[in-house]
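Using the numbering used here, read the sequence shown as starting at 1 and increasing by one per residue. Think of the CB as a built atom: it goes at the ideal place given N, C-alpha and C, for glycine as much as any other residue. The model shown is predicted, which means the values in this text are computed figures rather than measured ones.
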Amino acid sequence: MADFRQQQQQLRPGGLTLLPVGDTLLFLAGLILVGTLIGLAVATPLFVIFSPVLVPAALVIGLGVLAFLTSGAFRVTAFSSLSWMASYIRSLIRGQVGQKARETGQIVQSKAREVTRGGQEGGKT
């Protein structure tokens with residue numbers, strides 16, 4: 001036990017002498033950190049404006065978004081055009097089919113009248 005206490009007493013003075021050195025180094029590290037943050041805050045707008053990497057990347061991203069929106073607009077335009085064409089063609093077909101159905105119905109009625117007249121005339125003679 002006595003040896004352990006002597007070792008602790010011998011270490012304490014060394015620890016106390018290193019305390020101001022550690023504080024000084026910690027203070028200098030804090031100053032360097034604050035200086036770095038201030039420099040970064042001042043230089044960031046310059047990096048953003050004059051950066052050879054960020055400006056082209058921003059242009060590429062902007063053009064990509066613009067292309068995506070343009071393709072969406074073209075898609076909507078094409079869909080509405082095809083929808084209009086389909087409804088127009090359907091209306092034409094309905095008109096023609098309706099007309100053809102009426103004509104066919106009239107032809108069938110006329111043939112039925114002819115058959116019934118022929119049958120009536122054949123039965124009378």
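For P56, three-class secondary structure by DSSP
DSSP places P56 in the helix class (H, G or I) of the three-state scheme.
Which of the three DSSP states, helix, strand or coil, is assigned to S51?
Reduced to three states, the DSSP call for S51 is coil.
Other residues of its chain near S83: CB distance less than 6 Å, five sequence neighbours each side excluded
In the same chain as S83, and ignoring 5 residues on each side of it, no C-beta atom comes closer than 6 Å to its own.
When you compare the CB positions of V42 and I49, do they come within less than 9 Å of one another, or not?
Taking 9 Å as the Cβ cut-off, V42 and I49 do not qualify as a contacting pair.
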